[in-house]
Amino acid sequence: MYKIFDVTQWQRTEESASGSKDKEWRICPESLRYGLIKKPVSCLEEDRDPIKPHTGEAWSEKIASEIGKSIGIRTHDVEIAYVDEVYCSLCWRFLDPQVEILEEGADLIDPFDRTYDRKKLRGEEVNYNMNLLYRVFTELGMLHHLFDMIVFDALVGNTDRHQDNFGIITHLETAQIVFAPLYDNASCLGRELLIPDVQEKMTNPTSFEAYISRSPSLIRTGTAKRGTKHFNLLESILEGSFSKEMRIAMDKVEFLASREIEQIVHSVPSEVMHDEYKRFVIRLLTTRRDRLLQMR
């Protein structure tokens with residue numbers, strides 16, 4: 001069973017945290033390790049019904065991180081935290097700020113279009129689409145990481161892979177550059193659904209299939225103004241000039257056995273994740289895994 005970290009007494013830091021969620025950095029008193037505490041997005045709802053349960057980012061971020069590691073795709077280290085009577089995600093810092101810097105996707109896109117707007121996901125010259133990402137990752141010599149990222153997001157159903165949710169790490173002394181572990185992976189696995197929604201999808205095959213097939217990526221194709229659905233995005237890549245590279249990334253999903261999915265999900269304490277969610281997420285991951293493997 002995954003440990004729940006009570007971070008109530010952990011020291012807060014003055015460091016700011018990017019993004020829209022309620023986040024703050026705290027320091028673990030035992031290890032002195034920095035952890036980013038991220039409360040569920042439901043905590044930001046000003047008129048929220050106090051009886052209504054919180055959204056499931058605490059468990060979705062943890063499960064997604066473990067799923068990525070299980071198929072050999074590097075993800076940040078995540079735990080489950082408790083503070084202010086709310087379960088949160090605890091994301092350990094993967095950067096040594098003394099000798100390393102993180103350049104996020106928007107920083108890497110900037111040389112291609114100085115007018116790029118992070119909120120609109122486009123600039124005067126470029127659009128946040130596969131053509132742009134091909135150029136960015138090719139320039140870095142990291143094209144395989146792009147395909148790994150797309151496969152991982154399709155597997156867990158991540159709907160929020162914008163340009164600030166990936167990046168590269170540069171070591172200031174050695175100038176070595178590595179692709180950062182995938183981070184901010186909470187927008188996945190049905191974490192936004194209420195239990196009645198989960199129950200309906202589990203008993204209605206049409207509704208479940210629609211939820212699987214319609215899950216959108218933020219990455220666009222061509223001149224589209226909206227993100228392409230995950231499996232449609234995969235199909236478009238498989239039909240293009242990088243089909244071989246895409247299949248190599250998709251092969252990694254073979255390492256994800258049903259037993260491992262169940263073990264990861266059932267390791268989340270029941271007080272954090274209701275059994276109804278566990279059954280749904282196991283079925284969701286198994287279905288998405290099988291579909292990925294069938295597409296190769």
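FYI, in the UniProt record's numbering the residues of the sequence shown are 1 to 296. Glycine included, C-beta positions come from ideal geometry on N, C-alpha and C.
Is the distance from the Cβ of residue i to the Cβ of residue j below 8 angstroms?
{"i": "GLU124", "j": "ASP113", "result": "yes"}
{"i": "GLU276", "j": "ILE195", "result": "yes"}
{"i": "LYS39", "j": "VAL78", "result": "no"}
{"i": "ARG26", "j": "VAL7", "result": "yes"}
{"i": "HIS54", "j": "SER65", "result": "no"}
{"i": "ASN185", "j": "GLU271", "result": "no"}
{"i": "LEU121", "j": "LEU218", "result": "yes"}
{"i": "GLY256", "j": "ILE71", "result": "For clarity, residue 256 is Leu in the given sequence; the question names Gly instead. A contact, by the Cβ cut-off of 8 angstroms."}
{"i": "VAL253", "j": "ARG289", "result": "yes"}
{"i": "PHE152", "j": "ILE73", "result": "yes"}
{"i": "SER241", "j": "THR221", "result": "no"}
{"i": "CYS91", "j": "LEU36", "result": "yes"}
{"i": "SER187", "j": "THR159", "result": "yes"}
{"i": "HIS230", "j": "ALA154", "result": "yes"}
{"i": "GLY56", "j": "MET273", "result": "yes"}
{"i": "THR223", "j": "ASN127", "result": "yes"}
{"i": "LEU182", "j": "MET149", "result": "yes"}
{"i": "MET295", "j": "LEU234", "result": "yes"}
Since residue i sits in a beta bridge, which residues does DSSP pair it with?
{"i": "GLU103", "result": "ILE168"}
{"i": "VAL136", "result": "Partner(s): none; VAL136 has no beta bridge."}
{"i": "GLU79", "result": "LEU90"}
{"i": "PRO216", "result": "LYS229"}
{"i": "TYR34", "result": "ILE27"}
{"i": "ILE261", "result": "DSSP lists no partner for ILE261."}
{"i": "PHE179", "result": "ILE168"}
{"i": "PHE5", "result": "ALA81"}
{"i": "GLN11", "result": "ILE27"}
{"i": "ASN129", "result": "ARG220"}
{"i": "ASP117", "result": "ARG122"}
Tell me which residues share the same chain as residue i and place their Cβ nearer than 7 angstroms to its Cβ, disregarding the 5 neighbours each side in the sequence.
{"i": "TYR211", "result": "LYS201"}
{"i": "LEU146", "result": "LEU133, PHE137"}
{"i": "LEU102", "result": "LEU95, GLY167, ILE169, ALA180"}
{"i": "THR287", "result": "ILE212"}
Leaving aside the five residues before and after residue i along the sequence, list all residues of the same chain whose C-beta is less than 6 angstroms from its C-beta, in chain order.
{"i": "LEU108", "result": "VAL136"}
{"i": "THR13", "result": "TRP25"}
{"i": "ILE177", "result": "ILE168, THR170"}
{"i": "PHE208", "result": "LYS201"}
{"i": "ARG93", "result": "TYR34"}
{"i": "ALA81", "result": "PHE5, VAL7, ILE37, CYS88, LEU90"}
{"i": "LEU238", "result": "MET246"}
How would you label residue i, buried or exposed, when you count the other beta carbons within 10 angstroms and need 16 or more for buried?
{"i": "ASN165", "result": "buried"}
{"i": "HIS162", "result": "buried"}
{"i": "ARG259", "result": "exposed"}
{"i": "PRO111", "result": "exposed"}
{"i": "VAL268", "result": "buried"}
{"i": "SER215", "result": "buried"}
{"i": "MET1", "result": "exposed"}
{"i": "ASN204", "result": "exposed"}
{"i": "LEU172", "result": "exposed"}
{"i": "LEU293", "result": "exposed"}
{"i": "ASP84", "result": "exposed"}
{"i": "SER16", "result": "exposed"}
{"i": "ASP96", "result": "exposed"}
{"i": "SER31", "result": "exposed"}
{"i": "ALA58", "result": "buried"}
Should residue i be flagged as near chain C, meaning a C-beta pair shorter than 8 angstroms?
{"i": "MET246", "result": "Annotation note: the requested chain C is absent from the structure, which comprises a single protein chain."}
Short of 8 angstroms in beta carbon distance, which residues of its chain neighbour residue i, apart from the five on each side in sequence? Order them along the chain.
{"i": "PRO29", "result": "GLN9, TRP10, GLN11"}
{"i": "HIS144", "result": "GLU245, ILE248, ALA249"}
{"i": "GLU262", "result": "ILE282"}
{"i": "residue 297", "result": "The requested residue 297 does not occur in the structure, where the chain is confined to residues 1 to 296."}
{"i": "LYS3", "result": "GLU79, ILE80"}
{"i": "THR115", "result": "GLY123, GLU124, GLU125"}
{"i": "ALA106", "result": "TYR116, ARG118, GLN163, ASP164"}
Is there at least one non-hydrogen atom of the ligand PLP closer than 7 angstroms to the beta-carbon of residue i?
{"i": "THR223", "result": "For the structure depicted, the ligand PLP is absent and the ligand set is empty, with no information on it obtainable."}
Within the region 191-215, ranges of the alpha helix (DSSP H) (whole runs, at least 4 residues)
195-203, 205-213
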